[in-house]
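Chains as they are written, first to last, in the numbering used here: chain P, 1 to 330; chain F, 1 to 282; chain R, 1 to 94.
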């Protein structure tokens, strides 16, 4: 997902009375708010998870942003620009939520730029044709929604509220992607070829977005007890495949998995696992676009330093001038 | 900073609504006007198109998330204006060309945007300075166009002007802040101003096309915008502690289809899909 | 001089809303810029007609531990609510 493989901070000792009371509040469905007491592990895990999610939003601007200047019509240009702009907004909401936990946005940027903080593996894949813009909206946003909808009920108030706003705004993202795919799948031979190729390249990376199976992971168990993770990775992945395969069929496109088959008994599709070695390599920095993506973020940040400093300096001067004229008026 | 326009002014579209279909009547009366009117509409639409395109290049690369989002808003407004101007251009031309046909299937020599907007973005300071110099003209122009003899033009202007009032508010504010910020930001803004200044003259220099549409009461004479534009820009630059360049030479030609080398590359990128896959629908 | 812009809390009143509601936060160098940024970030979908911004650092909030003493006493003041009073149906419009 946008936050893949977030390490939680489980403890092996018995919970203190404070921790027990905290867990009881979560079990009762109460929201935890900033400045309320929380276990340090809860705080750290949240900072890591929300941070990863935020980084994914702003790094996620880049693969799609790659096609804004080549969008094929004025309307498509406006739609794509609005969508990628939304992602900047979602990053902003999430950074703000993390900031309530005692970390600044600049500190989180530093962690991203130094490689210490991660972002979703999916954004390290290239966008090669216009159909990729369709595939990203349809598959990548579709996979993200699977995770984000339940997160609206997460236990940390600011995070839950950010997710509510994000889900509301994202409702058009997946649809615009599918709409592009419909046009392409029903278009010329060249367009159909692009559409199929995009599905071929984005199918398995989309399945990787949910992260490796975590049914035995201690981190996941702790995060689920804290309600900062709502479903297991496998549950969400299965749900995604079940919903997406009929959509691909409707387009007349072929999911690139020879072992894909409906399983009557479980009421869902059987499907092949993605190549997890590839996944770990991408996380390590060896995906096709890791360098470009991180490089673009670092450049934007460094090139923008004088702009941010200029505005700060003006604000300080203006405040001094105001204070001086107030004194003079007395 | 000079006092800025009141953004709550009542919608002029409603006032103009009584005059529908004026352009068709006018073209029926003065058929000679058609080529000039079409060309003038392309000048408006191409200018907003190319500037919107340039601004969209910032998406994902802005100096702060808040600025990234704000620039995209301006770009979206300008793309919206483009659709209105070029749609009307296509209607006036009467050859069945849509706004997309005009945007994606003409080559540089047929583009009529001013040179200023096709220049590469440079740093964020140059982008904002360009935006300010353009917005100051754009806002003045749209204000005059609200009184256009052609209803459709007046309606587009009324809608666009509300958005552009905000663009101008934002860009002039940022020019002041960065001009009067740090030494570095001041130097960068002055540098941007010096580089861009020669490209501003074109906006206020008329030709036969401008004269024809002005005579018909469609649009003001470009020369008439010069004094108010200069006054506004001068006040903002003074507050920004920036020196207005003394270079009076104007780089011209964009509005007649003679462009810088930059436009060809921009179009090659923008038009790629429509050119590579003719006739496909997207 | 790597100083981060301060954080601001944003409150927006929608066209049909009576109150300004907290919608989120953002960074800006000062209050005027915060207002403009709020317009660009939080009203992209016609959400508002009026914006307030407050520096996050300037907000004083109740402590969660005081929740009981602060808010529970209001629970038994039922006489503050109109439904506490039984008025015969014959008396209209009250």
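Quick reminder that beta carbons are idealized off the backbone N, C-alpha and C, glycines included.
Just so it is clear, the structure is predicted and the values come from calculations on it, not from any experiment.
Which same chain residues end up closer than 6 Å to residue i when comparing Cβ atoms and leaving out the 5 residues on each side of it in sequence?
i	result
residue 223(P)	8 and 229
residue 43(F)	112 and 255
residue 63(P)	123 and 127
residue 98(P)	47, 50 and 51
residue 160(F)	81 and 142
residue 15(F)	With a pLDDT of 42 at residue 15(F), under the threshold of 50, the predicted position of this residue should be treated as unreliable, though the coordinate-derived value follows. Excluding positions up to five away in sequence, the list is empty.
residue 54(P)	91, 94 and 95
On the three-state DSSP scale, how would you describe residue i?
i	result
residue 261(P)	strand
residue 275(P)	coil
residue 13(R)	strand
residue 136(P)	helix
residue 25(R)	strand
residue 314(P)	helix
residue 86(R)	coil
residue 270(P)	strand
residue 114(P)	coil
residue 156(P)	strand
residue 32(P)	strand
residue 188(P)	coil
residue 179(F)	helix
residue 107(F)	coil
residue 215(F)	helix
residue 123(F)	coil
residue 42(P)	helix
residue 174(P)	helix
residue 77(R)	coil
residue 46(F)	helix
residue 289(P)	coil
residue 280(F)	coil
residue 231(P)	coil
residue 167(P)	helix
residue 91(R)	coil
residue 349(P)	Only positions 1 to 330 of chain P appear in this structure, which leaves residue 349(P) out of reach.
Taking 8 Å as the CB-CB limit, is residue i close to chain C?
i	result
residue 41(R)	As a matter of chain content, chain C is missing from the structure shown, whose protein chains are P, F and R.
Short of 7 Å in beta carbon distance, which residues of its chain neighbour residue i, apart from the five on each side in sequence? Order them along the chain.
i	result
residue 213(P)	233 and 234
residue 164(F)	135, 138, 139 and 142
residue 215(P)	232 and 234
residue 175(F)	128, 129, 132, 189, 236 and 240
Between residue i and chain P, is the shortest Cβ-Cβ distance under 8 Å, so that the two count as touching?
i	result
residue 83(R)	no
residue 60(R)	no
residue 4(R)	yes
residue 57(F)	yes
residue 85(F)	no
residue 4(F)	In this prediction, residue 4(F) has a pLDDT of 47, which is less than 50 and means its spatial position is unreliable; what the coordinates show is noted afterwards. No, residue 4(F) lies away from the interface with chain P (no Cβ there is under 8 Å from its Cβ).
residue 63(F)	yes
Within the same chain, show all residues whose beta-carbon is closer than 8 Å to that of residue i, passing over the 5 residues directly before and after it, in chain order.
i	result
residue 18(R)	none
residue 170(P)	86, 90, 141, 144, 145 and 148
residue 267(F)	107, 108 and 111
residue 227(P)	26, 153, 154 and 155
Among all the DSSP beta bridges, which residues are the ones paired with residue i?
i	result
residue 207(F)	Paired residue(s): none; residue 207(F) is not in a bridge.
residue 55(R)	8(R)
residue 50(R)	13(R)
Counting only beta-carbon atoms, is residue i nearer than 8 Å to chain R?
i	result
residue 268(F)	no
residue 105(P)	yes
residue 287(P)	no
residue 99(P)	yes
When you compare the CB of residue i with every CB in chain F, is at least one pair closer than 8 Å?
i	result
residue 291(P)	no
residue 50(P)	no
residue 36(R)	yes
residue 191(P)	yes
Closer than 8 Å is the cut-off here; do at least three beta carbon pairs connect the region 290 to 308 of chain P with the region 49 to 65 of chain F?
Touching, yes, given that three or more Cβ pairs across the two stretches are closer than 8 Å.
Is the number of C-beta pairs between the region 163 to 172 of chain P and the region 104 to 118 of chain P that are closer than 8 Å three or more?
No contact exists between the region 163 to 172 of chain P and the region 104 to 118 of chain P.
Flag this pair as touching only if the region 22 to 40 of chain P and the region 144 to 159 of chain P have three or more C-beta atom pairs under 8 Å; answer yes or no.
Cβ pair count under 8 Å is three or more, so yes.
Counting Cβ pairs, one atom from each stretch, are 3 or more of them under 8 Å apart for the region 65 to 72 of chain F and the region 84 to 101 of chain P?
Output reads yes: the region 84 to 101 of chain P touches the region 65 to 72 of chain F.
Counting pairs of beta carbons, one from the region 81 to 93 of chain F and one from the region 233 to 246 of chain F, are three or more of them closer than 8 Å?
The region 81 to 93 of chain F is not in contact with the region 233 to 246 of chain F.
The region 56 to 72 of chain R touching the region 38 to 47 of chain R, judged by at least three CB pairs closer than 8 Å:
They do not touch, by the three-pair rule.
Does the region 141 to 156 of chain F come into contact with the region 209 to 222 of chain F, if we say contact requires no fewer than three beta-carbon pairs (one atom in each stretch) closer than 8 Å?
The region 141 to 156 of chain F is in contact with the region 209 to 222 of chain F.
Would you call the region 284 to 292 of chain P and the region 257 to 271 of chain P in contact, with 3 or more CB pairs under 8 Å?
Counting C-beta pairs closer than 8 Å gives fewer than three between the region 284 to 292 of chain P and the region 257 to 271 of chain P, which falls short of the contact rule.
I want to know whether the region 259 to 267 of chain P touches the region 187 to 197 of chain P - three or more CB-CB distances under 8 Å.
Judged by Cβ distances under 8 Å, the region 259 to 267 of chain P makes no contact with the region 187 to 197 of chain P, as fewer than three pairs qualify.
Would you check if the region 250 to 259 of chain P and the region 174 to 187 of chain P touch, i.e. whether three or more CB-CB distances between them fall below 8 Å?
Yes, the region 174 to 187 of chain P touches the region 250 to 259 of chain P.
Touch check for the region 49 to 60 of chain R and the region 9 to 28 of chain R: three-plus C-beta pairs under 8 Å?
In this structure the region 49 to 60 of chain R touches the region 9 to 28 of chain R; the number of beta carbon pairs closer than 8 Å is three or more.
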